[in-house]
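Heads up, the final residue of the sequence shown is numbered 95 in the numbering used here, and it's a clean run with no missing numbers. From the three backbone atoms N, C-alpha and C, an ideal C-beta is built for every residue, glycine too.
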Amino acid sequence: MSKYKSWFQCINEECRETYQLNEIIYRCRKCGNLLEVMHDLETLREKTAEEWKDLFDNRYRRQIWPYGSSVWGKKEWVCPYVEDENVVSMYEGATNLFWAERFGKQVGI
């Protein structure tokens, strides 16, 4: 299990109810306000900004499962509780945009 933690938290200062990230929830059940994703910043601060940058740079566009994806390459900050064997990815992200002139003509742009 990852030492990094994140959770949903109500934005209402008087409520601050928390929920697990794997819960399907859009608003606080207690007060109805919106939720935000919170992180255990103290644990994240155990690495310096330079160490995080180096880690993410070393993962970028690599074939190391699941970190080759632009999303999962930052797993500690995105969804740290998901074990690597449960990640579903097609190495999304970091794809170039390309001209599709014939398709553009077909759809009228």
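Q) Which whole-angstrom value describes the C-beta separation of V23 and S(-8), a residue pair presumed to lie in contact below a C-beta threshold of 8 Å? A) One-based indexing of the sequence shown puts residue 23 at position 37. One-based indexing of the sequence shown puts residue -8 at position 6. Correct: roughly 6 Å between the Cβ atoms.
Q: Can you have a look at E137 and say buried or exposed, based on whether 16 or more other CB atoms are within 10 angstroms of its CB?
A: Residue numbering for the chain in the displayed model covers -13 to 95; residue 137 lies beyond these limits and cannot be assessed.
Q. Who pairs with C(-4) in a beta bridge, going by DSSP?
A. In the sequence shown, the residue the question calls residue -4 occupies position 10. DSSP output for C(-4) lists L21 as bridge partner(s).
Q.
For C14, count the other beta carbons within 10 Å of its own beta carbon; 16 or more makes it buried, fewer makes it exposed. Which is it?
A. Here residue 14 is taken as the residue at index 28 of the sequence shown, counted from 1. So C14 counts as buried.
Q: Check whether the segment 3 to 10 touches the segment 32 to 50, taking contact to mean three or more Cβ pairs, one atom from each stretch, closer than 8 Å.
A: no
Q | Straight-line Cα distance separating T4 from F84 | A | Counting from 1 along the sequence shown, the entry for residue 84 is found at position 98. Counting from 1 along the sequence shown, the entry for residue 4 is found at position 18. In a straight line, the C-alpha of F84 is about 42 Å away from that of T4.
Q: Give the straight-line distance between the Cα atoms of G64 and V73, rounded to the nearest whole angstrom.
A: Counting from one through the sequence shown, the residue named residue 64 turns up at place 78. Counting from one through the sequence shown, the residue named residue 73 turns up at place 87. It is Val, not Gly, that sits at residue 64 in the sequence shown. So the two alpha carbons sit approximately 12 Å from each other.
Q) Closest to K(-11) by CA distance: which of I50, E71, R31, C1 is it? A) On the sequence shown, residue -11 is found 3 positions in, with the first residue counted as 1. Closest by alpha carbon: R31.
Q) What does R13 pair with, by DSSP beta-bridge criteria? A) One-based indexing of the sequence shown puts residue 13 at position 27. Note: R13 sits in a beta bridge opposite L20.
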